[in-house]
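Participant: Residue numbers (UniProt numbering), protein chains in the order written: chain P, 1 to 97; chain C, 1 to 270. This structure is in structure tokens; I'll ask about it shortly.
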């Protein structure tokens with residue numbers, strides 16, 4: 001796979017990379033879990049009849065899940081210098097030693 | 001260690017000079033803004049430093065000292081039995097502590113509508129039928145105990161048949177034998193706690209086994225069972241052995257056992 005087809009790649013200082021990892025993961029986790037909680041609330045944990053579903057909260061839940069995934073995927077373009085781009089391009093063999 | 005910021009890198013200036021798209025630039029700016037206020041990364045780095053400094057204080061493990069390849073045979077199933085019994089012990093400890101909130105070791109007449117049912121039996125019945133997740137909790141405790149007993153015994157077989165008890169690991173073998181015995185005492189004392197027919201007659205067997213010991217038999221029966229016939233004293237002694245005495249002793253001996261394994265290394269299969 002060529003570099004272009006793998007998407008953009010931004011090399012950042014290591015300290016900034018840590019911020020990116022910590023905060024984007026934190027946001028993604030909170031957003032996705034919160035999204036599912038919102039979906040549960042809107043549909044009474046999937047037991048509500050179709051007419052009783054709170055559409056606004058349900059849409060909010062789906063959006064939260066999408067936002068979490070988006071931020072997580074977006075953050076994956078940042079890496080510190082010296083980091084391998086994927087598991088096969090580093091100097092370690094991929095066969096568990 | 002301090003939470004003084006050691007890193008003087010000017011992120012804002014770096015973001016300005018780097019060729020970034022507007023989305024990337026605002027993304028990074030938001031994260032840097034958050035980082036400056038919440039400082040989570042600083043605290044995580046503190047934990048990282050702490051972890052490595054504590055690690056430096058630990059005795060070198062056998063694999064580190066002799067630079068051994070430790071990559072493959074830990075996964076050999078029979079070499080996991082010791083770890084497996086440790087996990088079962090931890091599960092039993094946690095579920096047992098929770099059961100302790102609801103169990104009462106009393107041989108007085110209980111509220112269950114069965115002739116001769118005691119308070120001890122009634123509380124176990126209540127755990128099984130009335131308490132939320134009680135059936136699950138008691139099953140978890142029982143299964144953890146069964147698994148631990150089985151795993152400890154199979155662990156002993158593995159150690160024996162691979163010759164892992166040999167020099168320089170004789171002391172740990174002896175400690176292991178003690179642990180195996182203590183595990184069975186743990187199991188036996190717990191077995192008596194429901195105080196049903198099974199428990200009662202297992203207790204009777206215990207008393208008679210104690211009495212069969214030459215010279216000190218009567219003394220052992222008095223000490224362990226609180227007399228020659230079963231009653232409140234027996235149940236109470238089993239309870240204290242099970243939830244107070246044995247937990248302290250077994251946890252300590254397990255810690256010593258594991259520390260020795262850590263320092264001596266696992267005997268490699270030949």
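For each residue, glycine too, the CB sits at the ideal point set by N, CA and C.
Quick one: grab the DSSP three-state call for residue 169 (chain C).
Facilitator: To locate residue 169 (chain C), count along the second chain from 1; it is residue 169. It is coil, neither helix nor strand.
Participant: Kindly list, in the order they appear in chain P, the residues whose Cβ is closer than 7 angstroms to that of residue 11 (chain C).
Facilitator: Counting from one through the second chain, the residue named residue 11 (chain C) turns up at place 11. Result: 16.
Participant: Taking only runs of the alpha helix (DSSP H) that begin and end inside the region 85–113 of chain C, which ones reach a length of at least 4 residues, in chain order?
Facilitator: Complete alpha helix (DSSP H) runs here, min 4: none at all.
Participant: What does the alpha-carbon distance come out to for the pair residue 49 (chain C) and residue 122 (chain C)?
Facilitator: Counting from 1 along the second chain, the entry for residue 49 (chain C) is found at position 49. Counting from 1 along the second chain, the entry for residue 122 (chain C) is found at position 122. Those two C-alpha atoms are separated by around 52 angstroms.
Participant: Helix, strand or coil, according to DSSP, for residue 77 (chain P) in the structure here?
Facilitator: For this step, residue 77 (chain P) is matched to residue 77 along the first chain. If DSSP states are grouped into helix, strand and coil, residue 77 (chain P) belongs with coil.
Participant: Under the three-state reduction of DSSP, which class applies to residue 11 (chain P): helix, strand or coil?
Facilitator: As a first step, residue 11 (chain P) is located in the first chain; it is residue number 11 there, counting from the start. If DSSP states are grouped into helix, strand and coil, residue 11 (chain P) belongs with the strands.
Participant: From what residue to what residue does the alpha helix (DSSP H) around residue 31 (chain C) run?
Facilitator: Counting from one through the second chain, the residue named residue 31 (chain C) turns up at place 31. Its alpha helix (DSSP H) spans residues 22–38.
Participant: Considering just the uninterrupted stretch of the alpha helix (DSSP H) at residue 154 (chain C), what are its terminal residues?
Facilitator: Taking the second chain and counting its residues from 1, one reaches residue 154 (chain C) at position 154. 134–161 is the extent of the alpha helix (DSSP H) around residue 154 (chain C).
Participant: Write down the C-beta distance between residue 34 (chain C) and residue 23 (chain P) rounded to the nearest angstrom, noting that I regard them as a contact closer than 8 angstroms.
Facilitator: As a working note, residue 34 (chain C) is residue 34 in the second chain. As a working note, residue 23 (chain P) is residue 23 in the first chain. The Cβ separation is near 5 angstroms, so the contact holds.
Participant: I'd like to know whether the C-beta atoms of residue 155 (chain C) and residue 61 (chain C) end up nearer to each other than 9 angstroms.
Facilitator: Mapped onto the second chain, residue 155 (chain C) falls at position 155. Mapped onto the second chain, residue 61 (chain C) falls at position 61. No, the Cβ-Cβ distance between residue 155 (chain C) and residue 61 (chain C) is not below 9 angstroms.
Participant: Quick check: the Cα distance between residue 184 (chain C) and residue 71 (chain P), rounded to an integer number of angstroms?
Facilitator: On the second chain, residue 184 (chain C) is found 184 positions in, with the first residue counted as 1. On the first chain, residue 71 (chain P) is found 71 positions in, with the first residue counted as 1. Cα to Cα, residue 184 (chain C) sits roughly 53 angstroms from residue 71 (chain P).
Participant: Since residue 24 (chain C) meets chain P, which of its residues come closer than 7 angstroms, beta carbon to beta carbon?
Facilitator: As a working note, residue 24 (chain C) is residue 24 in the second chain. The answer, in chain order, is 10.
Participant: In or out: residue 2 (chain P) buried (at least 16 other Cβ within 10 Å) or exposed?
Facilitator: Along the first chain, one-based indexing puts residue 2 (chain P) at 2. Legend: pLDDT at residue 2 (chain P) = 46, less than 50; position of this residue unreliable, value from coordinates given subsequently. With fewer than 16 Cβ atoms within 10 Å of its Cβ, residue 2 (chain P) is classed as exposed.
Participant: Starting from residue 123 (chain C), follow the alpha helix (DSSP H) in both directions and report where the run begins and ends.
Facilitator: Along the second chain, read from residue 1 onward, the residue named residue 123 (chain C) stands at position 123. Counting along the chain, the alpha helix (DSSP H) containing residue 123 (chain C) begins and ends at 119–129.
Participant: Using a threshold of 8 angstroms, is the CB atom of residue 78 (chain P) nearer than that to any non-hydrogen atom of the ligand NAD?
Facilitator: For the structure depicted, the ligand NAD is absent and the ligand set is empty, with no information on it obtainable.
Participant: Could you check what DSSP says for residue 202 (chain C) in three-state terms: helix, strand or coil?
Facilitator: The sequence position of residue 202 (chain C) within the second chain is 202, counting from 1. In the structure shown, residue 202 (chain C) sits in a helix (DSSP, three-state: H, G or I).
Participant: Starting from residue 250 (chain C), trace the alpha helix (DSSP H) in both directions and tell me its first and last residue.
Facilitator: Start at 1 with the first residue of the second chain, and residue 250 (chain C) comes out as number 250. Element bounds for residue 250 (chain C): 246–264.
Participant: Residues of the region 34–68 of chain C in Cβ contact with chain B at a cutoff of 7 angstroms, in chain order, please.
Facilitator: Absence of chain B from the displayed structure is noted, the protein chains being P and C.
Participant: Measure the C-alpha to C-alpha separation of residue 100 (chain C) and residue 53 (chain P) and round it to an integer number of angstroms.
Facilitator: Position 100 of the second chain, counting from 1, holds the residue named residue 100 (chain C). Position 53 of the first chain, counting from 1, holds the residue named residue 53 (chain P). Taking the straight line joining both Cα atoms gives about 43 angstroms.
Participant: By the 10 Å Cβ neighbour count, where 16 or more other Cβ atoms means buried, how is residue 189 (chain C) classified, buried or exposed?
Facilitator: On the second chain, residue 189 (chain C) is found 189 positions in, with the first residue counted as 1. Residue 189 (chain C) comes out buried.
Participant: Three-state secondary structure (DSSP) at residue 61 (chain C)?
Facilitator: Taking the first residue of the second chain as position 1, residue 61 (chain C) is located at position 61. Of the three classes helix, strand and coil, the one that applies to residue 61 (chain C) here is coil, per DSSP.
Participant: Note down, in chain order, each residue of its chain lying with its Cβ closer than 8 angstroms to the Cβ of residue 15 (chain C), except the 5 sequence neighbours on either side.
Facilitator: Position 15 of the second chain, counting from 1, holds the residue named residue 15 (chain C). So the qualifying residues of the chain are 25, 28, 29 and 32.
Participant: Can you give the beta carbon distance from residue 39 (chain P) to residue 68 (chain P), rounded, assuming they're within the 8 angstroms contact cut?
Facilitator: For the purposes of this step, residue 39 (chain P) is taken as the residue at position 39 of the first chain. For the purposes of this step, residue 68 (chain P) is taken as the residue at position 68 of the first chain. Not really, about 13 angstroms apart at Cβ, beyond 8 angstroms.
Participant: By how many angstroms is the C-alpha of residue 240 (chain C) removed from the C-alpha of residue 113 (chain C)?
Facilitator: Numbered from 1 along the second chain, position 113 holds the residue referred to as residue 113 (chain C). Numbered from 1 along the second chain, position 240 holds the residue referred to as residue 240 (chain C). Distance between the alpha carbons of residue 113 (chain C) and residue 240 (chain C) is about 27 angstroms.
Participant: Cβ of residue 119 (chain C) within 9 angstroms of Cβ of residue 104 (chain C)?
Facilitator: By 1-based counting over the second chain, the position of residue 119 (chain C) is 119. By 1-based counting over the second chain, the position of residue 104 (chain C) is 104. In contact: residue 119 (chain C) and residue 104 (chain C) (Cβ atoms closer than 9 angstroms).
Participant: Using a cut-off of 7 angstroms between C-beta atoms, extract the partners of residue 27 (chain C) located in chain P.
Facilitator: For the purposes of this step, residue 27 (chain C) is taken as the residue at position 27 of the second chain. Per Cβ cutoff of 7 angstroms: 74.
Participant: Measure the C-alpha to C-alpha separation of residue 11 (chain C) and residue 9 (chain P) and round it to an integer number of angstroms.
Facilitator: Reading the second chain from its first residue, position 11 is the one you call residue 11 (chain C). Reading the first chain from its first residue, position 9 is the one you call residue 9 (chain P). If I take the Cα positions, the gap works out to 18 angstroms.
Participant: Would you identify the three-state DSSP class for residue 193 (chain C), choosing helix, strand or coil?
Facilitator: What you label residue 193 (chain C) is simply residue 193 of the second chain in a count that begins at 1. Residue 193 (chain C) falls in the coil class under three-state DSSP.
Participant: So is residue 127 (chain C) buried or exposed if we call it buried at 16+ other beta carbons inside 10 Å?
Facilitator: Along the second chain, read from residue 1 onward, the residue named residue 127 (chain C) stands at position 127. So residue 127 (chain C) ends up on the buried side.
Participant: Which residues, in order along the region 20–40 of chain P, keep a beta-carbon less than 8 angstroms from a beta-carbon of chain C?
Facilitator: Listed by position along the chain: 20, 22, 23, 24 and 26.
Participant: Am I right that residue 257 (chain C) and residue 193 (chain C) are in contact with their C-beta atoms under 8 angstroms? What's the rounded C-beta distance?
Facilitator: If you number the second chain from 1, residue 257 (chain C) lands on position 257. If you number the second chain from 1, residue 193 (chain C) lands on position 193. That pair is no contact at about 26 angstroms.
Participant: Could you have a look at residue 1 (chain P) and say whether DSSP puts it in helix, strand or coil?
Facilitator: One-based indexing of the first chain puts residue 1 (chain P) at position 1. Bear in mind that the predicted position of residue 1 (chain P) carries a pLDDT of just 43, short of 50, making it unreliable; the figure below should be weighed with that in mind. Three-state DSSP puts residue 1 (chain P) in coil, outside helix and strand.
Participant: Are the C-beta of residue 77 (chain P) and some C-beta of chain C separated by less than 9 angstroms?
Facilitator: Taking the first chain and counting its residues from 1, the one referred to as residue 77 (chain P) is at position 77. Yes, because at least one Cβ of chain C sits closer than 9 angstroms to the Cβ of residue 77 (chain P).
Participant: In this structure, does DSSP put residue 228 (chain C) in helix, strand or coil?
Facilitator: Indexing the second chain from 1 puts residue 228 (chain C) at position 228. In this structure, residue 228 (chain C) counts as coil in the three-state DSSP scheme.
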